[in-house]
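Mapping the sequence shown onto my numbering, position 154 (from 1) lands on 1237, and the numbers just tick up by one.
Think of the CB as a built atom: it goes at the ideal place given N, C-alpha and C, for glycine as much as any other residue.
Remember, it's a predicted structure, so these values are computed and weren't measured experimentally.
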Amino acid sequence: MEIQETNETLLGESLETLLSQKCGQIAFWDFLKSEFCEENLDFWLACQEFKTSDCPEERTLRATSIYEEFIKQESPKQVNLDFNTREIISQSLLQPSPSCFVVAQRKIYSLMENGSFPRFIQSEQYKVLFDATSKQRGHGKHRKALEIRRTDSKPISLQCELCLLHKD
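And the structure:
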């Protein structure tokens, strides 16, 4: 495998590639906010972080927090999950395993991948991200400073690793 930068498919290759980079997450979140569904990415990221919890007490606190914020009926950022998935998660809250949100996370990922992501690739937010990353091209693995303008026109400066893994 060779690591190199490219302007082709950069961060737009797949939702997985986009979400692997902080700048991609920010641009996608901004797009989701414009579509009133940023809670999907917030939930997905919370689940990613949850998987890193080793301490059972910490895991229980985080699981309850995720449930209250995203899963519970009428929660502030309720994501679109079926009743059975919600119930399974609810029943696992007393002793949550690291995988207790995996099914729900996959469902929300699928919603983003099949709905929001294709629209994002056609959006102004993606064009801005693509243009910004294309201007920063080089060889090898570098940390780059980018400025991305959000929909509220406030610039965001961030550090982002802009590279793709390409199979030879």
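Candidates the options: which alpha carbon is nearest residue i's?
| i | options | result |
| --- | --- | --- |
| D1137 | S1180, F1114, L1164 | S1180 |
| T1254 | S1182, S1206, E1099, S1117 | Lying outside 1084 to 1251, the shown extent of the chain, residue 1254 is not represented and no answer is given. |
| N1163 | N1123, Q1108, K1210 | N1123 |
| E1099 | R1189, Q1205, K1210, D1214 | R1189 |
| W1252 | R1202, Y1209, V1186 | This structure cannot settle anything about residue 1252, because the visible part of the chain is limited to 1084 through 1251. |
| S1158 | D1165, F1166, I1149 | I1149 |
| S1097 | T1147, I1204, K1210 | I1204 |
| Q1174 | P1201, A1129, L1102, A1146 | A1146 |
| K1160 | T1168, D1125, L1194 | D1125 |
What is the DSSP secondary structure of residue i, reduced to helix, strand or coil?
| i | result |
| --- | --- |
| T1135 | coil |
| Q1161 | coil |
| E1096 | coil |
| K1190 | helix |
| R1226 | Here R1226 scores only 42 on pLDDT, less than 50, and its place in the model should not be relied on; the value that follows carries that caveat. It is a strand residue. |
| S1217 | helix |
| F1255 | Because the chain here runs from 1084 to 1251, residue 1255 falls outside it and cannot be looked at. |
| L1177 | coil |
| Q1208 | helix |
| C1253 | This structure cannot speak to residue 1253, because the chain is shown only from 1084 to 1251. |
What span of residues does the alpha helix (DSSP H) with residue i cover, start to end?
| i | result |
| --- | --- |
| N1167 | 1166 to 1174 |
| P1201 | 1200 to 1204 |
| K1116 | 1105 to 1117 |
For residue i and residue j, which I take to be in contact (beta-carbon distance under 8 Å), what is that distance rounded to the nearest angstrom?
| i | j | result |
| --- | --- | --- |
| L1212 | C1120 | Actually they do not touch by this definition, with Cβ atoms about 18 Å apart. |
| I1172 | I1154 | 5 Å |
| E1118 | S1199 | 6 Å |
| F1166 | F1133 | Between F1133 and F1166 the Cβ distance is about 22 Å, and since that is not below 8 Å, they are no contact. |
| L1102 | Q1108 | 6 Å |
| Y1192 | A1110 | Contact doesn't hold; Cβ gap of about 17 Å is too wide. |
For residue i, does the count of other Cβ atoms within 10 angstroms reach 16, so buried, or fall short, so exposed?
| i | result |
| --- | --- |
| Q1131 | exposed |
| Q1104 | buried |
| T1216 | buried |
| E1207 | exposed |
| L1177 | exposed |
| D1214 | exposed |
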